[in-house]
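From first to last, the protein sequence lines stand for chains A and B.
With numbering that gives the first Met the number 0 applied, the first sequence covers 0 to 427.
With numbering that gives the first Met the number 0 applied, the second sequence covers 0 to 427.
C-beta: ideal position from N, C-alpha, C; glycine also.
Treat the numbers as computed from the prediction; the structure is a model and nothing was measured.
Below: one structure, written as structure tokens.
Number of protein chains: 2
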Amino acid sequence: MKSVKIGLLGLGTVGTGVVRIVEGHQEDLANQVATSIEIAKILVKDRTKARNIAIDAAKLTEDPWEIVRDPNIDIIVEVMGGIGQSKEVILEALEQGKHVVTANKDLMALHGPEILTKAREKGCDVFYEASVAGGIPIIRTLIEGFSSDRIKKIMGIVNGTTNYILTKMSQEGAAYADVLKEAQELGYAEADPTSDVEGLDAARKMTILSSLGFRSKVDLEDVTAKGISAVTQEDIQYAKKLGYEVKLLGIAERQDDLISVSVQPTMVKQSHPIASVNGVFNAVYVHGEAVGETMFYGAGAGEMPTATSVVADVVAVVKNMKLGVNGRQAHVSYNVTKQKTDEQIASKYFMLLHVEDRAGVLAQIAQVFSSLDVSIESVMQPSAPNRSGAELIIITHSTSKAAMNRVIDEFEKLAAVQKIKSVYRVEG
Amino acid sequence: MKSVKIGLLGLGTVGTGVVRIVEGHQEDLANQVATSIEIAKILVKDRTKARNIAIDAAKLTEDPWEIVRDPNIDIIVEVMGGIGQSKEVILEALEQGKHVVTANKDLMALHGPEILTKAREKGCDVFYEASVAGGIPIIRTLIEGFSSDRIKKIMGIVNGTTNYILTKMSQEGAAYADVLKEAQELGYAEADPTSDVEGLDAARKMTILSSLGFRSKVDLEDVTAKGISAVTQEDIQYAKKLGYEVKLLGIAERQDDLISVSVQPTMVKQSHPIASVNGVFNAVYVHGEAVGETMFYGAGAGEMPTATSVVADVVAVVKNMKLGVNGRQAHVSYNVTKQKTDEQIASKYFMLLHVEDRAGVLAQIAQVFSSLDVSIESVMQPSAPNRSGAELIIITHSTSKAAMNRVIDEFEKLAAVQKIKSVYRVEG
Numbered sequence: 000m001k002s003v004k005i006g007l008l009g010l011g012t013v014g015t016g017v018v019r020i021v022e023g024h025q026e027d028l029a030n031q032v033a034t035s036i037e038i039a040k041i042l043v044k045d046r047t048k049a050r051n052i053a054i055d056a057a058k059l060t061e062d063p064w065e066i067v068r069d070p071n072i073d074i075i076v077e078v079m080g081g082i083g084q085s086k087e088v089i090l091e092a093l094e095q096g097k098h099v100v101t102a103n104k105d106l107m108a109l110h111g112p113e114i115l116t117k118a119r120e121k122g123c124d125v126f127y128e129a130s131v132a133g134g135i136p137i138i139r140t141l142i143e144g145f146s147s148d149r150i151k152k153i154m155g156i157v158n159g160t161t162n163y164i165l166t167k168m169s170q171e172g173a174a175y176a177d178v179l180k181e182a183q184e185l186g187y188a189e190a191d192p193t194s195d196v197e198g199l200d201a202a203r204k205m206t207i208l209s210s211l212g213f214r215s216k217v218d219l220e221d222v223t224a225k226g227i228s229a230v231t232q233e234d235i236q237y238a239k240k241l242g243y244e245v246k247l248l249g250i251a252e253r254q255d256d257l258i259s260v261s262v263q264p265t266m267v268k269q270s271h272p273i274a275s276v277n278g279v280f281n282a283v284y285v286h287g288e289a290v291g292e293t294m295f296y297g298a299g300a301g302e303m304p305t306a307t308s309v310v311a312d313v314v315a316v317v318k319n320m321k322l323g324v325n326g327r328q329a330h331v332s333y334n335v336t337k338q339k340t341d342e343q344i345a346s347k348y349f350m351l352l353h354v355e356d357r358a359g360v361l362a363q364i365a366q367v368f369s370s371l372d373v374s375i376e377s378v379m380q381p382s383a384p385n386r387s388g389a390e391l392i393i394i395t396h397s398t399s400k401a402a403m404n405r406v407i408d409e410f411e412k413l414a415a416v417q418k419i420k421s422v423y424r425v426e427g
Numbered sequence: 000m001k002s003v004k005i006g007l008l009g010l011g012t013v014g015t016g017v018v019r020i021v022e023g024h025q026e027d028l029a030n031q032v033a034t035s036i037e038i039a040k041i042l043v044k045d046r047t048k049a050r051n052i053a054i055d056a057a058k059l060t061e062d063p064w065e066i067v068r069d070p071n072i073d074i075i076v077e078v079m080g081g082i083g084q085s086k087e088v089i090l091e092a093l094e095q096g097k098h099v100v101t102a103n104k105d106l107m108a109l110h111g112p113e114i115l116t117k118a119r120e121k122g123c124d125v126f127y128e129a130s131v132a133g134g135i136p137i138i139r140t141l142i143e144g145f146s147s148d149r150i151k152k153i154m155g156i157v158n159g160t161t162n163y164i165l166t167k168m169s170q171e172g173a174a175y176a177d178v179l180k181e182a183q184e185l186g187y188a189e190a191d192p193t194s195d196v197e198g199l200d201a202a203r204k205m206t207i208l209s210s211l212g213f214r215s216k217v218d219l220e221d222v223t224a225k226g227i228s229a230v231t232q233e234d235i236q237y238a239k240k241l242g243y244e245v246k247l248l249g250i251a252e253r254q255d256d257l258i259s260v261s262v263q264p265t266m267v268k269q270s271h272p273i274a275s276v277n278g279v280f281n282a283v284y285v286h287g288e289a290v291g292e293t294m295f296y297g298a299g300a301g302e303m304p305t306a307t308s309v310v311a312d313v314v315a316v317v318k319n320m321k322l323g324v325n326g327r328q329a330h331v332s333y334n335v336t337k338q339k340t341d342e343q344i345a346s347k348y349f350m351l352l353h354v355e356d357r358a359g360v361l362a363q364i365a366q367v368f369s370s371l372d373v374s375i376e377s378v379m380q381p382s383a384p385n386r387s388g389a390e391l392i393i394i395t396h397s398t399s400k401a402a403m404n405r406v407i408d409e410f411e412k413l414a415a416v417q418k419i420k421s422v423y424r425v426e427g
């Protein structure tokens, strides 16, 4: 077999890592696939730009079509991101019979089914391990490792930026805005952090994980997303006092043919393994009917961790090429599932209320919960009441999201409740 | 394709789980491989024994050869354990062209290379995901997920019995012997617990993990093993005071062509992710050159978790059968490595000494360390000295195992040291 030729689309952080691994691990890779792997062409925005890696200038091009239509290229590695040109280019690459490895979560979350269908038609592989949780091989784990099991729940810390911010807030008592600014200076958060802090990035990743885990088609619009911009230091401190950490969790649950997928700041019991995943690290907790509780932990981003997953996918494509079995192992989504309604989504809740400090208020509040069939696990008054009123923390037993919304509606009408300061889902 | 027929060798805990999954998940499995999977024959020790699962008695046999020589059987699933008959039967199954899925760590640690070679010759698959860490898909992760990376270090809590005992000792302050007795009553420890508590079971699993992780041939006799039977409550309490937990860790390290693999009770910093793996849970921490720190957590044993891995391997075999590519994905061990000598194995150490309580003793002790080039990170006197002497805790900087052994030899000759109460490797 002649050497396998890669067309690399993008030479940013991850693209540079891919070059480093393919070149630095030549011998290791050749030992595994008995074929040399070569990066033949690289798409860049500006050929003349200075780079911190030595690259043969003759390999660089600013024209993606030159790469995807080059008959010598076997595999397209797409690490440029975005969903406009990437999609067009990948579909054309498949049309040309080239295999595709991509790290593009936006593309796979929005257009995964279309791309995978095209790949099957053309007998091509499309692998995308790096699109979720960087260096953690969670996609192959869901497809192969748990092929025999029925996955009931996936909980993921799949966005490093927000986990970094929440960890700093928890460990150093800093305010959200200050930590966000620091994260931006360190390059952990983007200048426009919306996609990360509002949970949209996590929602895209949960779309991919839940599709694979439940072997079903999950659409991005089915995933509800709430971010961390409203998380206060007060919430985090109260959580810690009660034995919880606040984490931005993607939560996907399945019960027979009903599923729900959401992203929200969640209070997680400190004894739960995902509660101690700190900083920019990612983790995916998977609860299978037979296997029970498992968790997979590692770097969720960064040049080398993400490149590791990209190149592992390249190795898988090359193995399939040698075996002549490309395009046959695509993910099957045979389960027909329906979204749970808010009446069917159940969890415990934490609620922090600012209330009037007078006799009878607690009874009124308890009456609201009871009349709406929400059972209370505990009520605490975390600090002494003062002139402006009192604070109450309520933790519920498991209840439906709809019932909790009805409680919130009632409290908004109740004079004794001055403010609903925060409401969190509780896990663990 | 006609239905795939399995010959199940063994109907103990794991075998029963395999039957439950294959029968209970018929539809899910058929959706993935577009073929039905059927357990055609089952080897048992006693056909007449009452069982807690409904089995067609006509499928049961007490003769393994009837199964491995049955031309209708495609895949042998070996969950009977042991290394005598299992090896003979598996080699014969391969000779007959049958694929093999096994959960047998002893067999794979001792005879893995011979079995895998035979499988390649015969074009058969041999998969053994369930042999290490039960439900955690760590073997496919090492082979496929990290195919592009160079793994530098693997640390594993791969024996649930000892982790249960150490967790109980740490959390409840109970003595080793009492917890062992309780574990035996609960069925977490065997009547003869030697293989677990002396680290032999963990050593076998580390042989498998390090062979795969380093893509090299590691022999069981190269793995040094020390168990937990000498771990005292005192050690655990001192460890906790200093911010450590005592864990039975398998540690495999690679530096270029030098490797070392060992199992020993280790003090792990509480902030390290593996330190909080408690009870019968297993975890494997993998540090790759490119991917950095990762960890994989889950149930290490038990009927359903282990059966999940076995049946995932069956699914992989069936996929390969349909693709016509069996026997080609066997693990490659192309790295030629040498064992590190004790001079080359480096780590930090914890040492607890009982010494004479008189002026000059500390200076004498410090002199021994210094003369043998072992640098001290900290010295503590954990409790007030009394008539019988004083206790000293010393934590070293990273030093060689050989140097540490020389320190121990010197202390054994030094009158001021009444007793070397314990020595632990320190990680994290």
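The beta carbon of Asn30 (chain A) falls within 7 angstroms of a beta carbon belonging to chain B, placing the residue at that interface. Residues of chain A with a Cβ closer than 7 angstroms to the Cβ of Thr293 (chain B) are, in chain order, Gly134, Ile135, Tyr296 and Gly297. Neighbours of Ile20 (chain B) across chain A, judged by C-beta separation under 8 angstroms: Ser147, Asp148 and Ala289. Closer than 7 angstroms to the CB of Pro112 (chain B) there is not a single CB belonging to chain A. If you compare the alpha carbons of B:Asp55, B:Thr47 and B:Lys97 with that of Gly326 (chain B), the shortest gap goes to B:Lys97.
In the displayed model, Tyr127 (chain A) falls within coil according to three-state DSSP, outside both helix and strand. A Cβ-Cβ distance of about 27 angstroms is found for the pair Thr336 (chain B) and Val373 (chain B), leaving them out of contact under the 8 angstroms criterion. Annotation: Val324 (chain A) to Val67 (chain A) spans about 21 angstroms, alpha carbon to alpha carbon. Here Leu185 (chain A) is exposed: its Cβ has fewer than 16 other Cβ atoms, across all protein chains shown, within 10 Å.
Just so you know, the alpha carbons of Ala365 (chain A) and Ser261 (chain A) end up roughly 28 angstroms apart. Secondary structure of Lys225 (chain B) (DSSP, three-state): coil. The bridge partners DSSP lists for Ser259 (chain B) are B:Glu252. In the DSSP assignment, Leu351 (chain B) falls within the unbroken beta strand (DSSP E) covering Ala345 to Val354.
Here Asn325 (chain B) carries a coil assignment [DSSP, helix/strand/coil].
Chain B has no Cβ within less than 7 angstroms of the Cβ of Gly9 (chain A). Among the CB atoms of chain B, one or more fall inside 7 angstroms of the CB of Ser275 (chain A). Look at the region 10–81 of chain B and you find these whole runs of alpha helix (DSSP H), each 4 residues long or longer: 12–23, 25–32 and 63–67. At the C-beta level, Val283 (chain A) and Ala118 (chain A) stay beyond 7 angstroms of one another.
In the three-state reduction of the DSSP assignment, Lys104 (chain B) falls in the helix class, which pools H, G and I. When DSSP assignments are scanned along the region 392–416 of chain A, no uninterrupted stretch of beta strand (DSSP E) that is 3 or more residues long falls wholly within it. Between the alpha carbons of Thr160 (chain B) and Ser370 (chain B) lies a gap of roughly 41 angstroms. In the DSSP annotation of this structure, Leu8 (chain A) is not part of any alpha helix (DSSP H); the continuous beta strand (DSSP E) holding it starts and ends at Val3 to Leu8.
If you look at Tyr284 (chain A), you'll find it in the beta strand (DSSP E) that goes Phe280 to Gly287. Under the three-state reduction of DSSP, Thr305 (chain A) is assigned to helix. Under the Cβ criterion (8 angstroms, minimum of three pairs), the region 336–352 of chain B counts as touching the region 384–401 of chain B. The DSSP-derived three-state label of Ala383 (chain B) is coil. Interface criterion not met: the Cβ of Met107 (chain A) is under 7 angstroms from no Cβ in chain B. For Lys204 (chain B), the number of other beta carbons within 10 angstroms of its own is at least 16, and it is reported as buried.
Per DSSP, reduced to three states, the secondary structure at Arg214 (chain B) is coil, with no helix or strand assignment. Straight through space, the alpha carbons of Ser194 (chain A) and Asp177 (chain A) are spaced by roughly 18 angstroms. Ile164 (chain A): member of the alpha helix (DSSP H) spanning Gly159 to Glu171, first to last residue. In the displayed model, Ile375 (chain B) falls within a strand according to three-state DSSP. Using beta-carbon distances, Val324 (chain A) counts as an interface residue toward chain B, with a partner under 7 angstroms. If you ignore the 5 residues before and after Ala315 (chain B), its C-beta comes within less than 7 angstroms of the C-beta of Phe126, all in its own chain and listed in chain order. For Arg327 (chain B), a Cβ of chain A is located within less than 7 angstroms of the residue's own Cβ. Sequence-distant Cβ neighbours of Ser130 (chain A) in its own chain, meaning closer than 7 angstroms and more than five residues away, are Thr101, Ala102, Asn103, Lys104, Met107 and Ile207.
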